[in-house]
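Protein chains: 2
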Amino acid sequence: MLPMKSRYALKALVFLARHQVDGPVPVAGIAAAEAIPTKFLEAILLELRNAGILTSRRGPTGGYQLRVEPSTVHLGDVIRNLSGPMAPLPCLSKSAYHRCTECVDEATCAVRLLMADVHAQTLRILDGTTLAQLVARVDAAAAGEAEGQSQRCRTPDGPVSGKLDFID
Amino acid sequence: MLPMKSRYALKALVFLARHQVDGPVPVAGIAAAEAIPTKFLEAILLELRNAGILTSRRGPTGGYQLRVEPSTVHLGDVIRNLSGPMAPLPCLSKSAYHRCTECVDEATCAVRLLMADVHAQTLRILDGTTLAQLVARVDAAAAGEAEGQSQRCRTPDGPVSGKLDFID
DNA sequence: GCAAAAGCCTACCGCGTTGGTAGGGATTGA
DNA sequence: TCAATCCCTACCAACGCGGTAGGCTTTTGC
Chain R
6 MLPMKSRYAL
16 KALVFLARHQ
26 VDGPVPVAGI
36 AAAEAIPTKF
46 LEAILLELRN
56 AGILTSRRGP
66 TGGYQLRVEP
76 STVHLGDVIR
86 NLSGPMAPLP
96 CLSKSAYHRC
106 TECVDEATCA
116 VRLLMADVHA
126 QTLRILDGTT
136 LAQLVARVDA
146 AAAGEAEGQS
156 QRCRTPDGPV
166 SGKLDFID
Chain P
6 MLPMKSRYAL
16 KALVFLARHQ
26 VDGPVPVAGI
36 AAAEAIPTKF
46 LEAILLELRN
56 AGILTSRRGP
66 TGGYQLRVEP
76 STVHLGDVIR
86 NLSGPMAPLP
96 CLSKSAYHRC
106 TECVDEATCA
116 VRLLMADVHA
126 QTLRILDGTT
136 LAQLVARVDA
146 AAAGEAEGQS
156 QRCRTPDGPV
166 SGKLDFID
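Next up, the structure:
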């Protein structure tokens, strides 16, 4: 499960990308628009600021604002900054690697071989997608929804999106 | 993070696939070979038995044994049975779907759009890989290791395995 | 210069899940 | 009948998650 912290952060970033021209947006405004607990969001935006993604201004007319272009914000970094490494096994994390105590031989560990693929695909998507691309996809989805789904699957430079039909 | 339950289960299944001909294998034997706490593994194998993947026999010469062919065991099902749905968001799970309370519009939710791809790829790999294939990959890795890595990347009908170089 | 609006900082906390352990009962083969 | 093995119930400590509370600091507008 993706932690609430990361979910809220992504929503807030999309919101801020949309309101770039408006100057600083106060936390309360974002919280209200996206239905996020205000004080919790406060802590999240602070972390994003410390990560260099946002800037802040205090006092009336203050608030948060993107520091960099949406096209340079990689979503994997956002999640990593807020919720730590995404590796499904400690032995697959580069930034926080450590051996699985139970692993007899890492090179031939079945679990590791399997999850390495999962991890690679996850990173390909999350680090390969920027905030700008995500905003574009939301726009496309909104357009498709409004126009009665006439233009489905218009995912720009999009991921596989094949017709998978697995459970869960 | 993949829970220990699922990791242990996968290791045990690979072990059992290797020892199919030996008849039932006692829990203690698997636990010793794979460095898994015995009583914990006991509970796990019981669940796999209730899921129809294993059979058991009691008394001396008893133990656990695969009930079905390794080529019919899909690893996604193993993980689901032991650790529940794998969806990164509740609104992406088919078996345990429920709306995110904070989600204003599900169809245009940025987080959902993004994670849907991640989830699809995860399912493609985990539900698309069988126990038999996993055993084969372990063998291939062991062979490659022994032969001084002369035959790398021989992943049979394998996943992408491109040269990704992301952090974490 | 003062009030109000906003960000910043520290501390705390209930709850559920994870990763087990303990102990014993039920079966079954030698 | 003994011992190995599976089966079942109960319990439990530790940790992370998802917040909440309360106050301090900076800045703007009047």
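From first to last, the protein sequence lines are chains R and P. For the first sequence, this note's numbering begins at 6 and goes up steadily by one. For the second sequence, this note's numbering begins at 6 and goes up steadily by one. The C-beta atom is built at its ideal place from N, Cα and C for all residues, glycine as well.
With its beta carbon at least 8 Å from every one in chain P, ALA36 of chain R lies outside the interface. By the criterion of at least three beta-carbon pairs nearer than 8 Å, the region 29 to 41 of chain P is in contact with the region 10 to 17 of chain P.
Under the three-state reduction of DSSP output, THR66 of chain P falls in the coil class, being neither helix nor strand.
Going by C-alpha positions, ARG23 of chain R is about 38 Å away from CYS96 of chain R. Interface criterion not met: the Cβ of LYS44 of chain P is under 8 Å from no Cβ in chain R. Cβ-Cβ separation between ALA115 of chain P and VAL143 of chain R: approximately 5 Å, consistent with a contact (criterion under 8 Å). Judged by DSSP in its simplified three-state form, HIS124 of chain R adopts helix.
With respect to the 8 Å criterion, LEU136 of chain P and PRO75 of chain P are classified as neighbours on the basis of their beta carbons. Identification of residues in the region 68 to 94 of chain P having a C-beta nearer than 8 Å to some C-beta of chain R yields LEU80, GLY81, ARG85, PRO90, MET91, ALA92, PRO93, LEU94, given in sequence order. Collapsing the DSSP output to three states places LEU97 of chain R in a helix. Only LEU7, ARG12, LEU15, LYS16, VAL19 from the region 7 to 24 of chain P bring a Cβ to less than 7 Å from some Cβ of chain R. Identification of residues in the region 125 to 143 of chain R having a C-beta nearer than 8 Å to some C-beta of chain P yields ALA125, GLN126, THR127, LEU128, ARG129, ILE130, LEU131, ASP132, THR134, LEU139, VAL140, ARG142, VAL143, given in sequence order. Annotation for GLY34 of chain R: the continuous alpha helix (DSSP H) segment containing it runs 32 to 39. Of all residues in the region 89 to 123 of chain P, the ones placed with a Cβ closer than 7 Å to any Cβ belonging to chain R are PRO90, MET91, ALA92, PRO93, LEU94, SER98, LYS99, SER100, GLU107, VAL109, ALA112, THR113, ALA115, VAL116, LEU118, LEU119, MET120, ASP122, VAL123, in chain order. Cβ contact annotation for ASP132 of chain R (same chain, cutoff 6 Å, sequence separation greater than five): HIS79, GLY81, in chain order. As the crow flies, the alpha-carbon of LEU46 of chain R is around 21 Å from that of VAL26 of chain R. Residue contact check for GLU152 of chain R against chain P: no CB pair falls below 8 Å.
Exposed is the label assigned to HIS103 of chain P, since fewer than 16 other Cβ atoms lie within 10 Å of its Cβ.
Sequence-distant Cβ neighbours of ALA101 of chain R in its own chain, meaning closer than 8 Å and more than five residues away, are GLY89, PRO90, ALA92, PRO95. Judged by beta-carbon spacing, GLN70 of chain P lies within the 8 Å limit of LEU21 of chain P, meaning their Cβ atoms are closer than that value. Taking 8 Å as the CB threshold, ILE41 of chain R lines the interface with chain P. Looking at R:VAL73, R:PRO29, R:ASN86, the one whose alpha-carbon comes closest to that of SER61 of chain R is R:PRO29.
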